[in-house]
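In terms of the UniProt record's numbering, the sequence shown opens at residue 1 and continues consecutively. Where is the CB? At the ideal position from N, CA and C, for every residue including glycine. Keep in mind the model is a prediction, meaning the values are calculated, not measured. To start, the structure under review is shown below, and the notes come after it.
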Amino acid sequence: MKKIYCVLFFLVYVLGFSQEDAWVYFKDKPNAQYYFENPLQMLSQRSLDRRSNQNIALDSKDVPIYQPYINQISASPGIMVKAKSKWLNAVHIRGSVSNIQNLQSLSFVDSIQFANRTLNVSGKRNNSAGANKVTIQNKNLEVATTFAYGNSSNQVEMVNAHLLHQSNNTGTGKIIAVFDSGFSAVNAITPFQRMFNNQFYLGGYNFVAGSTNVFSTHNHGTMTLSCMTGYVDGQLVGTAPDASYYLFITEDIFEENPVEESYWVEAAEMADSLGVDIISTSLGYFGYDNPNYSYTYQDMTGNTAFASKGANIAFSKGMIVVASAGNSGNSSTPNVGVPAEATNVLAVGAVKFDETYATFSSIGPSFDGRVKPDVMAKGQSTTISDTNGNIVTASGTSFSCPIIAGAIASFWQAIPWASNQQVVDLVKQSSDRFSNPNNQFGYGIPDFQLALNMAQLIVQENDIENFSVFPNPVKNTFSISFPNYTEIAQLLIYNNLGQKVLEKNIYSNDIVSLEGFSSGIYFYKIKTNLLLQSGKLIKN
Numbered sequence: 001m002k003k004i005y006c007v008l009f010f011l012v013y014v015l016g017f018s019q020e021d022a023w024v025y026f027k028d029k030p031n032a033q034y035y036f037e038n039p040l041q042m043l044s045q046r047s048l049d050r051r052s053n054q055n056i057a058l059d060s061k062d063v064p065i066y067q068p069y070i071n072q073i074s075a076s077p078g079i080m081v082k083a084k085s086k087w088l089n090a091v092h093i094r095g096s097v098s099n100i101q102n103l104q105s106l107s108f109v110d111s112i113q114f115a116n117r118t119l120n121v122s123g124k125r126n127n128s129a130g131a132n133k134v135t136i137q138n139k140n141l142e143v144a145t146t147f148a149y150g151n152s153s154n155q156v157e158m159v160n161a162h163l164l165h166q167s168n169n170t171g172t173g174k175i176i177a178v179f180d181s182g183f184s185a186v187n188a189i190t191p192f193q194r195m196f197n198n199q200f201y202l203g204g205y206n207f208v209a210g211s212t213n214v215f216s217t218h219n220h221g222t223m224t225l226s227c228m229t230g231y232v233d234g235q236l237v238g239t240a241p242d243a244s245y246y247l248f249i250t251e252d253i254f255e256e257n258p259v260e261e262s263y264w265v266e267a268a269e270m271a272d273s274l275g276v277d278i279i280s281t282s283l284g285y286f287g288y289d290n291p292n293y294s295y296t297y298q299d300m301t302g303n304t305a306f307a308s309k310g311a312n313i314a315f316s317k318g319m320i321v322v323a324s325a326g327n328s329g330n331s332s333t334p335n336v337g338v339p340a341e342a343t344n345v346l347a348v349g350a351v352k353f354d355e356t357y358a359t360f361s362s363i364g365p366s367f368d369g370r371v372k373p374d375v376m377a378k379g380q381s382t383t384i385s386d387t388n389g390n391i392v393t394a395s396g397t398s399f400s401c402p403i404i405a406g407a408i409a410s411f412w413q414a415i416p417w418a419s420n421q422q423v424v425d426l427v428k429q430s431s432d433r434f435s436n437p438n439n440q441f442g443y444g445i446p447d448f449q450l451a452l453n454m455a456q457l458i459v460q461e462n463d464i465e466n467f468s469v470f471p472n473p474v475k476n477t478f479s480i481s482f483p484n485y486t487e488i489a490q491l492l493i494y495n496n497l498g499q500k501v502l503e504k505n506i507y508s509n510d511i512v513s514l515e516g517f518s519s520g521i522y523f524y525k526i527k528t529n530l531l532l533q534s535g536k537l538i539k540n
């Protein structure tokens, strides 16, 4: 089927009717104020809670794209809208070069970026010999499945996730969104019955087909999901068996095209709005079917690719993005790809059962010199479920990624006070090569029990020097109890737009009035010369 598609594409291309992919960026969002005043119209309460728990204010990225702009683009001659992103205030379109360029005349269009950067006014491609070598991603995602029997103890114990489970931290209360190519038979086979029986499956969406059918199309997501929530007693236990899950199809198995990056960002935005905590994505982009769309190593700067930009924004909204580093370690383009190369993505490489490097695992650093991959987990001969419910083994960073994503969910359950940045920092700091990272292992293999021990030390230190704000929620007034040896502090209060609404000096047990303030969520900072404490206030 793929071969037929390629032949047809070639015939259309040579006849002069080639279609190009591009992103159209808009200048503004005229409807922003309405959504700021009605935040539940754009985000769920759980999403708002995640922000308030991490002191993240709403901003214009949270606001949906102005629909009349999309309508006018859709109505333009020869233009097809394929995807959209509110975070980047852009739509992904397809059409002829001339029809796309004509959109620049629309008053609300800020800029147009062609996926083929040779068509952009300032987008010259590096035409070095290395840049012309394109590695097309294998739509089987380089997974070599065998039918040897095994169990999951090695991959779970390698990162000490079993110790989290023994302390009853199994992902309860955390939500993971899985982005993949399909989840065939997940709703019908034994390893996932526990997920459905306990109502841990929350829903899904197929962005490629525009439907809610996610239990078909491809088997890759089935296998990756089993590393987190799969459960067959004595054979397979995932690293987050009690987390809840959304399943999103963003990968088109019939072609490799930049629109898949746009689907990825759409899925991240949906995950954000639903209140997801962690994104697990065993997908990567570097070479495309059309070589003019492909990336070079020079593009791996952390925030150049569309999906990498979206992944960084996802992190800024309080989520953790865990991505496969890639399986290109033995190729001519061995480096970590998109979106794993993004600045704020936790890229996961692969090791063998004995913690030695799996030679297919993509390497770092990023082009701008950052440590990549970030961490490692078992990715060679990983224990997984196939679509028949058989417990088999398979290889790829596609599996080391969800092992880490699930372990993070169980870990975060144990430290609910932590921000996403604190969680990521602790995971890296617990890794066995943290003091001496390298291009193959990054910071190394995490030890989640060590990470938990370090987190508990942070709590103990904070308990010694903490302000106490009470009552919270607040009706009209509240007080602040000071730590020892502190007499005066500065109080700042911000609304959910990040606007400062109160600033004053306070003393221990002062009564602070919020009379006249609207009901809702506020953020506070209490500062001294030595201390800074942040938190949220709820005004009833």
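Would you kindly report the start and end of the unbroken beta strand (DSSP E) that includes residue i?
| i | result |
| --- | --- |
| Glu503 | Lys500 to Tyr507 |
| Lys281 | Sequence check: residue 281 is Thr here, not Lys. Thr281 -> beta strand (DSSP E) spans Ile278 to Thr281. |
| Asn206 | Tyr201 to Asn206 |
| Leu531 | Counting along the chain, Leu531 falls outside any beta strand (DSSP E), and DSSP gives it neither H nor E. |
| Arg94 | Ala90 to Gly95 |
| Lys82 | Met80 to Ser85 |
| Leu492 | Ile488 to Tyr494 |
| Asp180 | Ile175 to Asp180 |
| Phe26 | Glu20 to Phe26 |
| Gly349 | Val345 to Val351 |
| Val322 | Ile320 to Ser324 |
Buried or exposed: residue i, going by 16 or more other Cβ atoms within 10 Å of its Cβ?
| i | result |
| --- | --- |
| Phe254 | exposed |
| Ala75 | exposed |
| Pro77 | exposed |
| Thr212 | exposed |
| Gln456 | exposed |
| Gln67 | exposed |
| Leu532 | exposed |
| Gly444 | buried |
| Tyr34 | exposed |
| Ser328 | buried |
| Gly204 | buried |
| Thr229 | buried |
Once DSSP output is grouped into helix, strand and coil, what is the label at residue i?
| i | result |
| --- | --- |
| Ser152 | coil |
| Arg50 | helix |
| Tyr246 | strand |
| Arg370 | coil |
| Asp252 | coil |
| Ala57 | coil |
| Gly310 | helix |
| Phe515 | For the sequence presented, residue 515 should be read as Glu rather than Phe. In the structure shown, Glu515 sits in coil (DSSP, three-state: anything other than H, G, I, E or B). |
| Arg186 | Here the sequence assigns Val to residue 186, which means Arg is not the residue at that position. In this structure, Val186 counts as coil in the three-state DSSP scheme. |
| Tyr293 | helix |
| Tyr35 | helix |
| Leu106 | coil |
| Ser74 | helix |
| Ser419 | coil |
| Gly171 | coil |
| Thr393 | strand |
| Thr333 | coil |
| Tyr288 | coil |
| residue 556 | Since the first and last residues shown for the chain are 1 and 540, residue 556 lies out of range. |
Do you know offhand how far residue i's Cα is from residue j's?
| i | j | result |
| --- | --- | --- |
| Asp386 | Ile189 | 9 angstroms |
| Met300 | Asn206 | 28 angstroms |
| Gln45 | Ala240 | 24 angstroms |
| Glu261 | Lys504 | 46 angstroms |
| Phe196 | Ser395 | 27 angstroms |
| Asp28 | Arg50 | 26 angstroms |
| Ile538 | Lys428 | 33 angstroms |
| Phe286 | Ile404 | 23 angstroms |
| Leu163 | Phe470 | 35 angstroms |
Do residue j and residue i come within 7 angstroms of each other at the CB atom, strictly closer than that value?
| i | j | result |
| --- | --- | --- |
| Ser280 | Ile384 | no |
| Gly171 | Ala22 | no |
| Gly326 | Gly284 | yes |
| Ala90 | Ser60 | no |
| Val109 | Val24 | yes |
| Tyr524 | Gly535 | yes |
| Thr224 | Asp277 | no |
| Thr382 | Gln155 | yes |
| Ser308 | Val338 | yes |
| Ala83 | Glu266 | yes |
| Asn335 | Phe360 | no |
Note the first and the last residue of the continuous alpha helix (DSSP H) segment covering residue i.
| i | result |
| --- | --- |
| Gln380 | Looking at the DSSP string, Gln380 is not in any alpha helix (DSSP H), and its letter there is neither H nor E. |
| Gly405 | Gly is not the amino acid found at residue 405; the sequence shown has Ala there. Thr397 to Ala414 is the span of the alpha helix (DSSP H), which, as asked, contains Ala405. |
| Ala268 | Val259 to Leu274 |
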